Amino acid sequence: MAEALRWKSKVLLAKIETVYGTDPTPTEAILAKNVVCQPMEGEDVARDIERPFRGAQEMFAVGLRAVLEFDVELVGSGTAGTAPAWSAIARSCGLAEVVTPLTDVVYSPISSAYESTTLYFWIGGNKQAIVGCRGTAVVNVNAQEIPTIRFTLTGLWAKPALQATPAIDLAAFKTPLVATDANTPVMTVGGASLVTRSFSFNLANDVQPRLLLGREEITIVDSNEEITATVEAVALATFDPFDKANALATVAVAVTHDTRAGHIVAIAAPTCSVRRPQGYENDQGVLMWPLRLAPLPSDTGDDQFSITLT
66 MAEALRWKSK
76 VLLAKIETVY
86 GTDPTPTEAI
96 LAKNVVCQPM
106 EGEDVARDIE
116 RPFRGAQEMF
126 AVGLRAVLEF
136 DVELVGSGTA
146 GTAPAWSAIA
156 RSCGLAEVVT
166 PLTDVVYSPI
176 SSAYESTTLY
186 FWIGGNKQAI
196 VGCRGTAVVN
206 VNAQEIPTIR
216 FTLTGLWAKP
226 ALQATPAIDL
236 AAFKTPLVAT
246 DANTPVMTVG
256 GASLVTRSFS
266 FNLANDVQPR
276 LLLGREEITI
286 VDSNEEITAT
296 VEAVALATFD
306 PFDKANALAT
316 VAVAVTHDTR
326 AGHIVAIAAP
336 TCSVRRPQGY
346 ENDQGVLMWP
356 LRLAPLPSDT
366 GDDQFSITLT
């Protein structure tokens with residue numbers, strides 16, 4: 066009897082495509098965790114043939130695509146002005162990447178000319194090549210945990226095939242720091258430094274398959290970015306989420322994690338609409354506010370947030 070395939074035998078490679086849907090032969094390994102794969106996502110279309118007896122009928126699998134979800138640790142490349150090892154994946158989530166050598170790498174939203182990625186995903190000796198991947202992401206920075214970016218990428222479906230698992234090099238992925246008071250020095254909302262239990266920034270890209278005659282692609286239709294944070298309540302004179310939500314006021318949100326040069330990640334959303342608070346929380350006897358904020362673009366657009374690595 067053949068040996069069972071081991072879940073831990075997963076290997077993931079990624080590379081930006083020059084031409085949408087054309088395999089660039091990825092060689093860059095991704096250090097991922099909490100991997101979830103839907104290798105043949107789609108819909109089922111029944112033939113619905115009229116017959117004089119009961120029984121099941123064939124169903125066509127249509128709208129086929131592959132979906133891969135995973136976390137990468139939130140940390141820079143180790144060198145200011147050098148793109149991180151997760152660069153290709155971020156760029157396929159509707160983000161422009163601007164690299165200033167020896168200075169910084171900045172990611173910001175774009176509304177057209179979206180890039181795409183090819184993923185190679187192995188389990189054991191079974192490889193699935195997923196081309197035309199685009200997706201969305203959620204940045205999570207929670208106290209006493211390793212900050213992560215959870216990517217959800219959708220690509221055009223291809224049948225897995227038998228191919229030997231390659232040797233990989235993960236040296237480009239640097240060791241992160243746990244989110245602590247010392248390691249995450251900036252967490253401000255409307256200029257107020259707030260004691261934070263959890264912070265989440267969701268790109269909330271609306272990613273859809275567009276599978277037509279003459280064109281098949283995965284497209285980003287829209288986005289509805291949202292920031293959520295659970296913070297200790299403060300005097301309303303310091304920060305009043307109720308008044309700001311009622312007045313449609315906007316505030317700036319800033320979070321900086323890591324203090325080591327080349328590893329620092331700063332998230333900035335300069336104009337966030339404060340959504341109405343939906344309740345209170347009790348955390349070890351301390352009153353907490355679950356804040357909800359929506360980064361708003363200006364009239365120019367594509368400036369509602371930035372992620373800067375220095």
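This note's numbering numbers the first residue of the sequence shown as 66 and each following residue consecutively.
Every residue gets a Cβ at the ideal spot worked out from N, C-alpha and C, and that includes glycine.
Since we're looking at a predicted model, the values are computed, not measured.
Worksheet item: If we count the other Cβ atoms within 10 Å of its Cβ and call it buried at 16 or more, is R119 buried or exposed?
Response: Indexing the sequence shown from 1 puts residue 119 at position 54. Result: exposed.
Worksheet entry | Limits of the alpha helix (DSSP H) - the one that F118 falls within | Taking the first residue of the sequence shown as 1, we reach residue 118 at position 53. Segment: none, F118 is in no alpha helix (DSSP H) and carries neither H nor E.
Discussion item. So, with DSSP's three-state summary, where would you put W151?
Written reply: Looking up residue 151 in the sequence shown gives position 86. Reduced to three states, the DSSP call for W151 is coil.
Worksheet entry | Cβ-based burial, T252 [other Cβ within 10 Å; buried from 16] | Here residue 252 corresponds to residue number 187 of the sequence shown, with the count starting at 1. Strictly speaking, residue 252 in this sequence is Met, with Thr absent from that position. The residue is buried, with at least 16 neighbouring Cβ atoms inside 10 Å.
Fill in: Contact belief for L70 with P91 at Cβ below 8 angstroms, rounded distance in angstroms
Position 5 of the sequence shown, counted from the first residue, corresponds to residue 70. Position 26 of the sequence shown, counted from the first residue, corresponds to residue 91. At roughly 21 angstroms, the Cβ-Cβ gap does not stay under 8 angstroms, so L70 and P91 are not in contact.
Worksheet entry | Selected residue, minimal CA-CA separation from G189, among Q343, A232, S177 and I283 | By 1-based counting over the sequence shown, the position of residue 189 is 124. Cα-wise, what sits closest to G189 is A232.
Fill in: N- and C-terminal bounds of the alpha helix (DSSP H) containing D308
By 1-based counting over the sequence shown, the position of residue 308 is 243. D308 -> alpha helix (DSSP H) spans P306 to N311.
Worksheet item: D348 to W354, Cα distance in whole Å?
Response: Position 283 of the sequence shown, counted from the start, is the residue given in the question as residue 348. Position 289 of the sequence shown, counted from the start, is the residue given in the question as residue 354. For D348 and W354, the distance between alpha carbons rounds to 10 angstroms.
Worksheet item: Do you know how far the Cα of A178 is from the Cα of V296?
Response: Here residue 296 is taken as the residue at index 231 of the sequence shown, counted from 1. Here residue 178 is taken as the residue at index 113 of the sequence shown, counted from 1. One C-alpha to the other measures close to 37 angstroms.
Worksheet item: Between G143 and E123, what straight-line distance do the alpha-carbon atoms span, to the nearest angstrom?
Response: Numbered from its first residue, the sequence shown carries residue 143 at position 78. Numbered from its first residue, the sequence shown carries residue 123 at position 58. The straight-line gap from Cα to Cα measures roughly 54 angstroms.
Practice prompt. Go through its chain and collect everything with a Cβ distance to P360's Cβ below 6 angstroms, but skip five positions before and after it.
Written response: For the purposes of this step, residue 360 is taken as the residue at position 295 of the sequence shown. Cβ neighbours of P360 beyond the five flanking positions: E290, A334, C337, Q369 and F370.
Practice prompt. Take P74 as the anchor and find which of L356, A97 and M66 has the nearest alpha-carbon.
Written response: Numbered from its first residue, the sequence shown carries residue 74 at position 9. Reading off the sequence shown, one finds Ser at residue 74, where the question assumed Pro. Looking at the Cα atoms, A97 is the closest of the given residues.
Fill in: Sequence-distant residues of its chain with Cβ nearer than 6 angstroms to F238 (five each side left out)
Along the sequence shown, read from residue 1 onward, the residue named residue 238 stands at position 173. The residues are L96 and A150.
Item to complete: Would you check if the distance between the CB atom of P174 and the CB atom of T147 is smaller than 9 angstroms?
Response: Residue 174 sits at position 109 when you count from the first residue of the sequence shown. Residue 147 sits at position 82 when you count from the first residue of the sequence shown. Not a contact, by the Cβ cut-off of 9 angstroms.
Item to complete: Go ahead and label G128 buried or exposed: buried means 16 or more other beta carbons lie within 10 angstroms of its beta carbon, across all protein chains shown.
Response: Sequence index remark: in the sequence shown, residue 128 carries index 63 (1-based). It counts as exposed.
Item to complete: Could you tell me which residues DSSP puts in a beta bridge with Q193?
Response: Walking along the sequence shown from the start, residue 193 turns up at place 128. DSSP output for Q193 lists F186 as bridge partner(s).
Worksheet item: Can you name the start and end residues of the beta strand (DSSP E) that G107 belongs to?
Response: Within the sequence shown, numbered from 1, the residue matching residue 107 stands at position 42. K98 to A111 is the extent of the beta strand (DSSP E) around G107.
Worksheet item: Mind checking V286: buried by the 16 CB within 10 Å criterion, or exposed?
Response: Stepping through the sequence shown from its first residue, residue 286 is reached at position 221. The residue is exposed, with fewer than 16 neighbouring Cβ atoms inside 10 Å.
Practice prompt. Specify the secondary structure class of K73 as computed by DSSP and reduced to three states.
Written response: The sequence position of residue 73 within the sequence shown is 8, counting from 1. The answer is helix: DSSP assigns K73 an H, G or I state.
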